[in-house]
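Notes follow once the structure below has been shown.
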Amino acid sequence: MKKVLQKAYLALILIFLYAPILTLMVLSFNASKSRAKWGGFTLRWYQEMFDSSTIMDALYNSLSIALFAAIIATLIGVLACIGIQAMGKGPRAICMTLNNIPILNAEIVTGLSLMICFGAFGISLGYGTILVSHVAFCIPYVILSVMPRLKTTSSAAYEAAMDLGAPPIQAFFRVVLPDLMPGILSGFLLAFTMSLDDFVISYFTRGRGINTLSTLVYTQVRRGIVPTMYALSTVIFLAVLLFLLAQNFLPQQLEKLSRRHHARRAHE
Amino acid sequence: MKRRMTALLLAALMVLALAGCGGGNSGSEEVVYVYNWGEYIDESVIPQFEEETGIKVVYDTFETNEAMYPIIEQGQAVYDVVCPSDYMIQKMIANDLLAEINFDNIPNLQYIGQAYMDASQGFDPENKYSVPYTWGTVGILYNTTMVDEPITSWSVLWDEKYSGEILMQKSVRDAFAVALAYQGHSINSTNQDEILAARDLLIEQKPLVQAYVIDQVRDKMIGNEAAIGVIYSGEYLYCKEENPDLAYVVPEEGSCLWFDSWVIPKNAENKENAEKFIDFLCRPDIALKNFEYITYATANTGAMEQIDEETLNDVGIFADQETMDRCEVFTWLGEETEAFYNECWTQVLAE
Numbered sequence: 000m001k002k003v004l005q006k007a008y009l010a011l012i013l014i015f016l017y018a019p020i021l022t023l024m025v026l027s028f029n030a031s032k033s034r035a036k037w038g039g040f041t042l043r044w045y046q047e048m049f050d051s052s053t054i055m056d057a058l059y060n061s062l063s064i065a066l067f068a069a070i071i072a073t074l075i076g077v078l079a080c081i082g083i084q085a086m087g088k089g090p091r092a093i094c095m096t097l098n099n100i101p102i103l104n105a106e107i108v109t110g111l112s113l114m115i116c117f118g119a120f121g122i123s124l125g126y127g128t129i130l131v132s133h134v135a136f137c138i139p140y141v142i143l144s145v146m147p148r149l150k151t152t153s154s155a156a157y158e159a160a161m162d163l164g165a166p167p168i169q170a171f172f173r174v175v176l177p178d179l180m181p182g183i184l185s186g187f188l189l190a191f192t193m194s195l196d197d198f199v200i201s202y203f204t205r206g207r208g209i210n211t212l213s214t215l216v217y218t219q220v221r222r223g224i225v226p227t228m229y230a231l232s233t234v235i236f237l238a239v240l241l242f243l244l245a246q247n248f249l250p251q252q253l254e255k256l257s258r259r260h261h262a263r264r265a266h267e
Numbered sequence: 000m001k002r003r004m005t006a007l008l009l010a011a012l013m014v015l016a017l018a019g020c021g022g023g024n025s026g027s028e029e030v031v032y033v034y035n036w037g038e039y040i041d042e043s044v045i046p047q048f049e050e051e052t053g054i055k056v057v058y059d060t061f062e063t064n065e066a067m068y069p070i071i072e073q074g075q076a077v078y079d080v081v082c083p084s085d086y087m088i089q090k091m092i093a094n095d096l097l098a099e100i101n102f103d104n105i106p107n108l109q110y111i112g113q114a115y116m117d118a119s120q121g122f123d124p125e126n127k128y129s130v131p132y133t134w135g136t137v138g139i140l141y142n143t144t145m146v147d148e149p150i151t152s153w154s155v156l157w158d159e160k161y162s163g164e165i166l167m168q169k170s171v172r173d174a175f176a177v178a179l180a181y182q183g184h185s186i187n188s189t190n191q192d193e194i195l196a197a198r199d200l201l202i203e204q205k206p207l208v209q210a211y212v213i214d215q216v217r218d219k220m221i222g223n224e225a226a227i228g229v230i231y232s233g234e235y236l237y238c239k240e241e242n243p244d245l246a247y248v249v250p251e252e253g254s255c256l257w258f259d260s261w262v263i264p265k266n267a268e269n270k271e272n273a274e275k276f277i278d279f280l281c282r283p284d285i286a287l288k289n290f291e292y293i294t295y296a297t298a299n300t301g302a303m304e305q306i307d308e309e310t311l312n313d314v315g316i317f318a319d320q321e322t323m324d325r326c327e328v329f330t331w332l333g334e335e336t337e338a339f340y341n342e343c344w345t346q347v348l349a350e
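Protein sequences appear in the order of chains A and B.
Residues in the first sequence are numbered from 0 upward in steps of one, following numbering that gives the first Met the number 0.
Residues in the second sequence are numbered from 0 upward in steps of one, following numbering that gives the first Met the number 0.
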């Protein structure tokens, strides 16, 4: 009995989480434009989605901004972490508090102040300003996910590498960085998704002629969301699903391969 | 100290570099910056315009008049052609944000019906700033299988019989227009007593209302989820195609006649290209394409000639002169009255 209840509870939660996405996926194949009526199966919306330059541009902007913002934020974030770690106790605490403020700050305040700031410096809004803003709000998240990792590694390994004759740069790349890699990777992925998700900050810092997916969907409010958006969401959802599956299974496969490789080398 | 100086210098350099990036206006290529409602054009006409004129179109969309206004006003993003609604055009004229259009560059204006130019004078008194794009009325969409009698009056929205079957527009001016028209007042009333009475009427109606919505009126009506909904006439054609039981009526007390028209902001950088773009949209074949895509009535008589009789004679889609005479165009009421309306609307929603 207890087991059945457990299973039912789990099923309920899964339904709750995935029913909306499933509805959207089904509607993306609906020949009727209205969500209230099933007009038969069609691939028309997928066709229209790939034909629409507006949607494709927005998709490209969203993905490229997320990628670049994540890369740049990760670079800056990792360097910042190493710097912060090397500080004395007091300055370190101050830095970490300063780092947390943008995270706790309401997004709309960040977006608005960025917009005003760009305006004050006479920078016209566009792709560049969205990218810079995304880098700015992603950095704290990278620092937050790399910092704990850095705290668990001791500086002894780094010093040992130097003792053994490695120049600092080499010691950093061969000893410190591999140690931090899991933190860096999760920081990067976090930054990527935060940037891809963002609406408010993009909305305030975008200029003319540029849309991300979220701002594009928003402007369709008056006429109702078009089913091409359902199609797009379905594609994105499936892509993310594949990405997650790969992320979960690939490392295991790779590890198996490398173990075999090592075994063979040992054998020889 | 030296290090600090370097850091400062670096920071300054970065800011300069950023400013440089933003400031550069690339090349001498002809462009036109267009700012329109979302889903308010057949997108295939944009590449067609680019091909025919060699002018590149940078196309952007907005979601409400109120979101568009500050962007034009503050000049953060400069557009050459914008498509606001009636009362917003009046507000932009009043605040000196619009440029007079040089109609010599728009020969296709001949296709815009005189009746629509005349009606536009409600917000653009001398027809100097705007070219009508789409137009229509606000009325009642109802399901003929779910109501007992043909609907002719706003009074059905207060009929207890339809409790839980009524959909209202979730926007200040539209909701108040319904209540004001029902009481026989102007939908542009600035009389506080009339506005307060309209507020009380809306509060009284609230228990009967299923939901206050914007674009969901369509889907709910198509899906037979409600019997009566207040809606823009432009949506009627699409709703009727999806659900033939639906009918649309402009109540006898009168209603709102609305226009979305093209204007050129004062700070436009490519005014002549903007005029070329407007002229292009006034071409009958382009206007027809846009009408078929957005289903909102076109103001283009050339396009109307190619629309089938049945659609053209449906007063729900193309209101006739008699209906237009019953209706009023929204006008801008000034900051103070606008604030008063908003305050009353908040009270309705909060009640």
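Beta carbons: idealized from backbone N, C-alpha and C, even for Gly.
No experiment lies behind these values; they were computed from the predicted model shown.
Neighbour-count burial assignment, residue i, 16 or more Cβ in a 10 Å radius
i	result
A/A7	exposed
A/F172	exposed
B/S25	Legend: pLDDT at B/S25 = 46, less than 50; position of this residue unreliable, value from coordinates given subsequently. Under this definition B/S25 is an exposed residue.
B/N80	Looking at the sequence itself, residue 80 of chain B is Val, so the reference to Asn does not match. Label assigned to B/V80: buried.
A/M0	exposed
A/L103	exposed
A/R34	buried
A/D197	buried
A/N98	buried
B/D307	exposed
B/Q168	buried
B/D192	exposed
DSSP-derived helix/strand/coil call for residue i
i	result
B/A245	Checking the sequence, you will find Leu at residue 245 of chain B rather than Ala. Three-state result, B/L245: strand.
B/W261	strand
A/C94	helix
B/G228	strand
A/S61	helix
A/T41	coil
A/L163	coil
B/T60	strand
B/T136	strand
B/K270	helix
B/P250	coil
B/L96	coil
B/D239	The sequence given here places Lys at residue 239 of chain B; Asp does not occur at that position. Three-state DSSP puts B/K239 in a helix.
B/K169	coil
B/N223	coil
B/S84	strand
A/Y217	helix
A/S123	coil
B/E334	helix
B/Y39	coil
B/Q120	coil
A/T211	coil
Any C-beta of chain B under 8 Å from that of residue i
i	result
A/V225	yes
A/G76	no
A/V220	yes
A/A35	yes
A/G39	no
A/T22	no
A/R148	no
Straight-line Cα distance separating residue j from residue i
i	j	result
A/T22	A/G38	15 Å
B/C326	A/I209	38 Å
A/D50	B/V56	17 Å
A/V225	A/C116	35 Å
A/R263	A/E254	14 Å
A/G223	A/P181	43 Å
A/L74	A/F187	9 Å
CB contact check: residue i to chain A, cutoff 8 Å
i	result
B/F61	yes
B/V249	no
B/R172	no
B/K90	no
B/K275	no
B/V262	no
Near the ligand NAP: residue i beta-carbon under 7 Å from a heavy atom
i	result
B/I285	As presented, the structure is devoid of all ligands, the ligand NAP included, so that no description of it is given.
Legend entry - Members of the stretch 75-86 of chain B that neighbour chain A once the beta carbon cut-off is set at 8 Å: Q75, A76, V77, Y78
Legend entry - Contact set between the stretch 99-129 of chain A and chain B, restricted to residues whose Cβ is under 9 Å from the partner: Correct list: M114, F117, G118, F120, G121, I122, S123, L124, G125, G127, T128.
Legend entry - Contacting positions in the stretch 53-69 of chain A - beta carbon closer than 9 Å to chain B: T53
Inset, instruction - Check distances from the C-beta atoms of the stretch 187-209 of chain A to those of chain B and list, in chain order, the residues that come in under 9 Å. - result: When C-beta distances to chain B are compared with 9 Å, the residues of the stretch 187-209 of chain A below that value are R205, G206, R207, G208, I209, in chain order.
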